[in-house]
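> Encoded as structure tokens, here's the structure I'll be asking about.
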Amino acid sequence: MIDNSCHKPCVDPVPLTTVTMQNYNAQLVKYLEDMRKGINDSLATKRKTMADYEKTITEIEGAYFKILESSQTLLHVLKRESKSLMKKQNQL
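Numbering of the sequence shown is given in the working numbering, commencing with residue 1 and proceeding in unit increments.
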């Protein structure tokens with residue numbers, strides 16, 4: 001018999017007949033298949049979560065580089081305008 005409370009097969013100390021042994025083996029196979037299914041489901045969920053994180057990271061990196069590029073462009077324009085204003089001020 002399978003004891004689900006301890007998550008491992010438990011065997012009675014009474015000698016098992018062939019039919020009982022076959023029944024036990026069938027239950028053990030079902031238990032192991034259920035465990036494998038649970039592990040596979042968990043792994044699939046984790047893989048999807050990882051893909052979602054990777055997508056989010058890629059989007060954030062793209063936004064960061066756009067902000068960086070805009071900041072550099074703005075800095076360049078400010079330097080150019082500052083030089084222009086300095087020239088005008090010196091001409092006065």
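We put the CB at the ideal spot given by N, CA and C, even for glycine.
Does DSSP put M1 in a helix, in a strand, or in coil?
Reliability fails at M1, whose pLDDT of 48 lies under 50, so the model's placement of it is uncertain and no value is given.
> Under the three-state reduction of DSSP, which class applies to L92: helix, strand or coil?
Looking at L92 - three-state DSSP - the assignment turns out to be coil, as it is neither helix nor strand.
> Which of the three DSSP states is assigned to T73 in this structure?
Three-state DSSP puts T73 in a helix.
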